[in-house]
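Heads up, the thing below is written out as structure tokens.
Chains as they are written, first to last, in our numbering: chain A, 11 to 432; chain B, 118 to 338.
Listed below in structure tokens is the structure:
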């Protein structure tokens with residue numbers, strides 16, 4: 011859009027014919043035509059109006075058409091009205107009205123200013139921008155679009171109340187009800203502010219940003235105070251009060267780091283994840299805490315969950331009558347959850363690992379409460395239930411048969427020696 | 118301008134033409150046969166009036182009046198001054214030769230035509246030159262044709278083949294092709310309608326070419 015600078019400025023030169031003449035270096039000739047012209051001059055001030063099929067040609071492939079164009083030296087502006095179309099080297103700009111304010115116009119702020127008013131559209135071979143109105147500042151080569159702004163390229167669509175666009179097209183700032191949709195990355199961002207710099211492909215998102223990646227059950231939603239996305243680097247971060255949602259799982263933390271190259275989402279600052287499951291008359295709520303939680307994903311599905319520092323997980327059952335279910339939890343310095351098809355297959359806990367598992371009410375007649383402690387606890391699951399527990403290092407185990415149900419209740423606990431034996 | 122016939126003259130709303138002649142017949146010289154029945158005046162003036170108000174003054178180094186033709190031949194430094202209804206001078210035409218037909222109230226200037234038009238403030242604001250010119254006194258219209266050029270004091274020049282100046286409105290009308298030049302800027306079109314000093318005009322089917330540098334564009338100069 012660099013050539014746009016020339017176009018937007020020079021398109022007006024044809025309108026001031028017979029204003030004053032100039033013969034200096036760096037001149038550019040402009041050709042123009044119209045059905046009719048009118049000139050009104052008073053001293054040094056004059057008004058020049060072209061009406062009907064106004065065409066201004068700046069060079070090969072560069073032209074402007076409109077219904078009317080008026081140069082007002084007193085008002086220090088040029089007004090172009092009626093289906094205004096400007097084109098240069100493959101780019102087309104449309105608007106109902108265009109006003110060019112000279113730099114000494116009080117509204118221009120010391121530099122020439124182009125106002126595009128009504129059904130503004132800027133189109134080139136790769137992008138399209140629509141807005142209610144826009145302002146173009148030639149000295150910084152930037153465009154500001156306002157009111158139901160929609161900007162599209164091959165894969166991205168940005169809608170906003172305001173869009174500030176550097177004319178090279180590589181930098182923009184969107185403000186007010188911003189929505190960015192990237193069909194290639196399958197990402198939707200909503201925020202009050204979005205700034206993107208094409209030089210490093212980094213986007214800064216603020217004012218209650220929400221990022222949605224994927225769709226349906228596999229969609230991941232991230233909310234935070236602020237976010238940064240590196241599109242080409244496939245990395246991102248979020249901070250403030252970060253909240254992540256994926257299906258029935260939610261997580262909160264102070265900050266988040268996304269690395270698509272490694273397929274990880276890292277949660278920092280005492281993250282707390284909660285997963286709710288509803289099964290017939292019972293519901294289950296799983297909690298996970300740690301100093302850091304790392305989710306490893308493949309094709310938007312979680313394959314592994316790593317928890318560092320003061321790791322704790324718990325699971326709570328409740329039935330439809332509000333009765334509390336069995337107590338299940340595990341703690342340690344580190345935990346790893348191996349996940350397949352959205353189900354935990356194995357949990358490994360390291361470092362002063364402890365766990366407690368109470369059976370479901372209906373299973374209580376067959377099994378009892380199991381407590382374990384050791385350097386490492388490894389629990390294998392099938393259909394959401396533990397099928398094998400392996401303890402290692404300083405093992406201490408305690409099995410309590412449900413005495414209220416079974417008359418032959420026994421208590422089994424590992425001996426101190428056995429704890430060391432694993 | 119040289120060798121260009123010119124005219125301009127004047128108007129009179131009424132058929133009554135009062136001619137007042139100064140310096141009458143200071144010398145009567147031999148003349149061509151056709152002029153023998155006429156009256157030759159040197160360094161004389163014709164003042165035309167409308168209801169007592171001076172509307173035009175025609176002066177020349179030599180005036181020859183033919184009684185049987187109702188025609189006055191003007192020679193040698195012809196000057197025609199045109200006044201509006203307020204008595205303000207609105208145009209001065211200068212030429213080398215011309216004629217005045219008193220019956221049709223038209224006048225022709227055919228050599229060395231140059232006309233200066235005044236704006237509303239009485240200052241001279243534009244100059245017209247052409248090959249031929251004819252004034253219709255009744256219609257208060259002056260037509261100029263053949264390489265017509267009107268140049269304003271502001272530097273705008275109009276080139277065309279025919280211009281009609283309406284004394285009532287004090288506006289030019291160029292019905293044909295018009296070329297309008299200001300410095301390096303050129304504008305062409307048809308049906309030019311302009312006031313005396315070319316400060317207000319309209320033109321149809323306009324096309325043109327303008328040249329500016331960036332500084333001029335940004336400042337609107």
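C-beta: ideal position from N, C-alpha, C; glycine also.
Just so it is clear, the structure is predicted and the values come from calculations on it, not from any experiment.
* Have a look at 258/B, 247/B, 253/B, 259/B and flag the residue whose alpha-carbon is nearest the alpha-carbon of residue 349/B. => One cannot answer for residue 349/B here, as it falls past the ends of chain B, which runs 118 to 338.
* Asked: Going straight from the alpha carbon of residue 396/A to that of residue 390/A, what length do you get?
  -> Whole-angstrom Cα-Cα distance: 6 Å.
* Outcome for residue 271/A when other beta-carbon atoms lying within 10 angstroms are tallied against a minimum of 16 -> The residue is exposed, with fewer than 16 neighbouring Cβ atoms inside 10 Å.
* **Proximity to residue 68/A [Cα-Cα], best of 193/A, 318/A, 40/A, 388/A** => Closest by alpha carbon: 40/A.
* Asked: Taking three-plus beta-carbon pairs below 8 Å as touching, is the stretch 398–407 of chain A in contact with the stretch 312–326 of chain A?
  -> No, they do not touch.
* To do: Find out if the Cβ-Cβ distance for the pair residue 267/A, residue 246/A is shorter than 9 Å.
  => Yes, Cβ-Cβ distance for residue 267/A and residue 246/A is below 9 Å.
* Evaluate residue 256/A with the Cβ neighbour count: other Cβ atoms within 10 Å of its Cβ, from every protein chain shown; 16 or more gives buried, anything less gives exposed. => With 16 or more other Cβ atoms within 10 Å, it is buried.
* Asked: In or out: residue 55/A buried (at least 16 other Cβ within 10 Å) or exposed?
  -> So residue 55/A counts as exposed.
* To do: Would you grab the beta carbon distance between residue 153/A and residue 144/A for me? Rounded to a whole angstrom, and I think it's under 8 Å.
  => The C-beta separation of residue 153/A from residue 144/A comes to about 6 Å, placing the pair in contact by the 8 Å criterion.
* When you compare only the Cα positions, how much space is there between residue 136/A and residue 271/B? -> One Cα belongs to residue 136/A, the other to residue 271/B, and the distance between them is close to 48 Å.
* **Sequence-distant residues of the same chain with beta carbon closer than 8 Å to residue 93/A, five excluded per side** => Hits under 8 Å: 75, 76, 77, 104, 106.
* To do: Would you mind giving the Cβ-Cβ distance between residue 292/A and residue 329/A, rounded to the nearest angstrom? I have them listed as a contact below 8 Å.
  => Contact flag correct, Cβ pair sits at about 5 Å.
* Is residue 270/B helix, strand or coil when you go by DSSP? -> It is coil, neither helix nor strand.
* **Residue ranges of each beta strand (DSSP E) within the stretch 339–399 of chain A, 3 or longer** => For the stretch 339–399 of chain A, whole beta strand (DSSP E) runs of length 3 or above, ordered along the chain, are 353–367, 379–392.
* Asked: Given that residue 203/A touches chain B, what residues does it touch there, using C-beta distances under 7 Å?
  -> None at all; the shortest Cβ gap to chain B is about 32 Å.
* Within the stretch 223–310 of chain B, ranges of the beta strand (DSSP E) (whole runs, at least 3 residues) -> Qualifying beta strand (DSSP E) stretches, in chain order: 223–228, 231–235, 241–246, 249–253, 258–269, 274–283, 288–299.
* **Contact set between residue 312/A and chain B, taken where Cβ atoms lie within less than 7 Å** => Residues of chain B passing the Cβ test: none, with the nearest at roughly 59 Å.
* Asked: Just the Cα atoms here: how many angstroms apart are residue 439/A and residue 85/A?
  -> One cannot answer for residue 439/A here, as it falls past the ends of chain A, which runs 11 to 432.
* From this set, 379/A, 286/A, 304/A, which residue's C-alpha is nearest residue 345/A's C-alpha? -> Between residue 345/A and the set 379/A, 286/A, 304/A, the nearest pair of CA atoms involves 304/A.
* Asked: Less than 9 Å separating the beta-carbons of residue 190/A and residue 181/A?
  -> No, the pair does not count as a contact, with Cβ atoms beyond the cut-off.
* Asked: How many Å lie between residue 140/B and residue 160/B at the Cα?
  -> Since pLDDT at residue 140/B reaches only 30, below the 50 mark, its modelled position is unreliable, and the value read off the structure follows with that caveat. Between residue 140/B and residue 160/B, the C-alpha separation is close to 7 Å.
* Asked: Quick one: does the C-beta of residue 236/A sit closer than 8 Å to a heavy atom of the ligand COA?
  -> This structure lacks the ligand COA, and indeed carries no ligand of any kind.
* residue 167/A touches chain D at which residues, Cβ-Cβ below 9 Å? -> In the structure shown, chain D cannot be found, because the protein chains are A and B.
* To do: With distances taken Cα to Cα, identify the nearest neighbour of residue 224/A among 214/A, 64/A, 196/A, 149/A.
  => By alpha-carbon distance to residue 224/A, the top candidate from 214/A, 64/A, 196/A, 149/A is 196/A.
* Asked: Is it the case that the Cβ atoms of residue 66/A and residue 57/A are separated by a distance below 9 Å?
  -> For residue 66/A and residue 57/A, no; Cβs fall outside 9 Å.
* Examine chain A for any beta-carbon lying closer than 9 Å to the beta-carbon of residue 319/B, and answer yes or no. => Judged by the 9 Å Cβ criterion, residue 319/B is in contact with chain A.
* With burial defined as no fewer than 16 other Cβ atoms inside 10 Å of the residue's Cβ, what is the status of residue 308/A: buried or exposed? -> Per the 10 Å Cβ criterion, exposed.
* Asked: Would the beta-carbon of residue 43/A fall within 9 Å of that of residue 63/A?
  -> Contact: yes.
* Measure the beta-carbon distance from residue 8/A to residue 252/A and round it to whole angstroms, keeping in mind my assumption that it falls under 8 Å. => Outside the shown range of chain A, which is 11 to 432, sits residue 8/A, and nothing can be said about it.
* To do: Consider the Cβ of residue 31/A: report whether some Cβ of chain B lies at a distance smaller than 9 Å.
  => Because the pLDDT at residue 31/A is just 34, under 50, the model does not fix this residue reliably, and the point stays unresolved.
* Could you tell me whether any Cβ in chain B is nearer than 9 Å to the Cβ of residue 46/A? => Interface residue, yes.
* Asked: Where does residue 213/A sit, in a helix, a strand or coil, going by DSSP?
  -> It is a strand residue.
* To do: Please name the residue or residues paired with residue 230/A in a DSSP beta bridge.
  => In the DSSP output, where bridge partners are listed per residue, residue 230/A has 223/A, 256/A.
* **Any C-beta of chain A under 9 Å from that of residue 271/B** => So, interface residue.
* Could you pull out every residue in the same chain whose Cβ sits closer than 8 Å to the Cβ of residue 320/B, ignoring the five residues on either side in sequence? => Taking residue 320/B as the centre and dropping the five residues before and after it, the same chain places the C-beta of 295, 297, 304, 306, 307, 308, 309, 310 closer than 8 Å to its C-beta, in chain order.
* Asked: Looking only at its own chain, which residues have a Cβ that is under 6 Å from the Cβ of residue 326/B, when we skip the five neighbours before and after it?
  -> Short of 6 Å from the beta carbon of residue 326/B, and not among the five residues preceding or following it, lie these beta carbons of its own chain, in chain order: 303.
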